[in-house]
Amino acid sequence: MSRAPFVLLAVGLVLGAAYDRLPTRPVVTRAGYRVLAGDFHAHTRFSDGFLGPWDLVLHARRRGLDVVGVTEHNQVFPGKLARAFSRAIGGPTVVVGEEITFKEFHLIALGLDRRIAPDADVPTLVDRVHAQGGVAIAAHPAKQFWNAYEAARPRLDGTELMHPVAYADPAGNRGFRWADMREFYVRAHAEGMRMTPIGSSDYHGFSPLGLCRTYVFATRDDDAAVVDAIREGRTVVYDLSGKAWGRPDLVAALEKEPLPERSTPVDDGYRAHGLLDAVGRICGLLGALGLVVFGRKRPVDGSTA
Numbered sequence: 010m011s012r013a014p015f016v017l018l019a020v021g022l023v024l025g026a027a028y029d030r031l032p033t034r035p036v037v038t039r040a041g042y043r044v045l046a047g048d049f050h051a052h053t054r055f056s057d058g059f060l061g062p063w064d065l066v067l068h069a070r071r072r073g074l075d076v077v078g079v080t081e082h083n084q085v086f087p088g089k090l091a092r093a094f095s096r097a098i099g100g101p102t103v104v105v106g107e108e109i110t111f112k113e114f115h116l117i118a119l120g121l122d123r124r125i126a127p128d129a130d131v132p133t134l135v136d137r138v139h140a141q142g143g144v145a146i147a148a149h150p151a152k153q154f155w156n157a158y159e160a161a162r163p164r165l166d167g168t169e170l171m172h173p174v175a176y177a178d179p180a181g182n183r184g185f186r187w188a189d190m191r192e193f194y195v196r197a198h199a200e201g202m203r204m205t206p207i208g209s210s211d212y213h214g215f216s217p218l219g220l221c222r223t224y225v226f227a228t229r230d231d232d233a234a235v236v237d238a239i240r241e242g243r244t245v246v247y248d249l250s251g252k253a254w255g256r257p258d259l260v261a262a263l264e265k266e267p268l269p270e271r272s273t274p275v276d277d278g279y280r281a282h283g284l285l286d287a288v289g290r291i292c293g294l295l296g297a298l299g300l301v302v303f304g305r306k307r308p309v310d311g312s313t314a
């Protein structure tokens with residue numbers, strides 16, 4: 010009996026590795042640019058996320074992402090770990106970032122080398138992001154954050170136009186309404202401000218990584234080129250109705266030649282692929298539970314606990 014959990018876990022690991030299918034990411038070009046599928050708001054277990062930085066990279070690869078922004082709360086070290094790991098395995102491009110988190114606002118900073126402390130107003134923090142060559146993005150700009158963002162709006166590089174809140178109750182969750190986020194973007198453009206649309210999943214755990222995506226029109230697939238593209242407004246984001254938001258010429262390029270993945274739902278990786286895969290998952294789960302339940306150490310004298 011004591012060996013059964015190890016056997017089950019081993020079976021689960023072997024079958025899991027055999028059925029770990031990675032989507033292919035062909036090189037896609039439109040309008041003379043490389044089009045990269047990205048998610049620019051993801052957390053790790055260094056604060057309130059479910060996965061480690063390396064696990065996040067593997068999950069991004071399974072989700073068919075070309076680029077992921079690791080934006081831990083008030084720290085950049087997890088992003089640097091993820092970038093180093095991804096480069097070592099040939100994974101997706103990782104943009105080191107931070108979610109500068111304060112009670113009155115959250116600000117996504119991408120392309121950082123050093124942490125930025127949340128000890129100033131938004132305009133000052135945006136200046137600090139720009140001083141490092143990064144881009145500043147309004148995170149889930151619900152109305153409760155608008156006052157804090159107001160003075161910095163002309164200097165923001167982008168705003169989260171699509172967020173998983175869009176899939177929630179239209180009445181909003183704790184004051185978070187997707188209609189407010191959309192209005193924040195529309196109002197800025199009506200006032201002549203160029204604000205790059207961003208689709209981000211605000212990933213903390215389980216499957217929604219890449220649920221909301223940004224299609225980046227970059228000159229290359231490295232992190233510096235991705236940051237440049239965001240700074241210059243070269244992105245397209247799709248909302249729930251399929252409406253494309255972004256620069257008109259880039260939207261037109263995707264209307265003329267749609268992206269293949271827009272017509273094919275992205276596999277979330279949580280469904281079994283056949284009977285053997287299902288058996289492997291069950292064995293792995295039972296094995297892990299068995300180790301927890303029966304894996305207590307026996308006393309040195311050999312008696313049972």
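Be aware that the sequence shown starts at 10, since it is given in this note's numbering, and climbs by one per residue. Even for Gly, the Cβ is constructed at its ideal location relative to N, Cα and C.
Assigned with DSSP and collapsed to three states, Gly208 falls in strand.
Contact between the stretch 211-225 and the stretch 36-56 is present: three or more C-beta pairs spanning the two stretches fall below 8 Å. Between the stretch 82-97 and the stretch 50-65, the count of C-beta pairs closer than 8 Å reaches three or more; the two stretches touch.
In the three-state DSSP reduction, Ile125 falls in the coil class, being neither helix nor strand.
Taking the Cα positions, Arg137 is about 10 Å away from Ala118. Under the three-state reduction of DSSP, Leu116 is assigned to strand.
Comparing alpha-carbon positions, the option among Met190, Ser216, Met171, Thr38 lying closest to Phe154 turns out to be Met190. Excluding its 5 nearest sequence neighbours in each direction, Phe185 has C-beta neighbours in its own chain below 6 Å: Ala151, Val174, listed in chain order.
Nearest in C-alpha terms to Asp130, of all of Asn156, Ala140, Leu121, is Asn156. Between Val20 and Gly289, the CB-CB gap stays under 8 Å. Close CB contacts of Ile207 within its chain, under the 7 Å cut and outside five residues either way in sequence, are with Phe49, Ile146, Gly167, Thr168, Glu169, Leu170, Thr223, Thr244, Val246 (chain order). In the structure shown, Arg203 adopts coil according to DSSP, grouped into three states. For Met171, the pairing in a beta bridge is given by DSSP as Gly208. Burial is judged here by how many other beta carbons sit within 10 angstroms of a residue's own beta carbon; Val135 has at least 16 and is buried. In this structure, Ala69 is the residue among Ser209, Ala69, His82 with its C-alpha nearest to the C-alpha of Phe94.
The beta-bridge partner set that DSSP reports for Tyr247 consists of Ala253. By the neighbour-count definition (other C-beta atoms within 10 Å, threshold 16), Ile239 is a buried residue.
Annotation for Arg43: no alpha helix (DSSP H) segment contains it, though the beta strand (DSSP E) segment containing it runs 42-51.
Here Gly251 is exposed: its Cβ has fewer than 16 other Cβ atoms, across all protein chains shown, within 10 Å. If you look at Gly58, you'll find it isn't in any beta strand (DSSP E); DSSP assigns it neither H nor E.
Excluding the 5 residues flanking it on each side, Phe215 has same chain C-beta neighbours closer than 7 Å at Phe59, in chain order.
For Glu159, the uninterrupted alpha helix (DSSP H) segment begins and ends at 152-159.
Inclusion of Asp57 and His213 in the CB contact set at 8 Å is warranted, their separation being smaller than that value. Its chain contains His50, His149, His172, Pro173 as the residues whose beta carbon lies nearer than 7 Å to that of Asp211, once the 5 sequence neighbours on both sides are disregarded; these appear in chain order. Thr80: member of the beta strand (DSSP E) spanning 76-82, first to last residue. Pairing Asn83 with Leu249, the inter-Cα distance amounts to about 30 Å. For Phe226, the uninterrupted beta strand (DSSP E) run begins and ends at 223-227, by DSSP.
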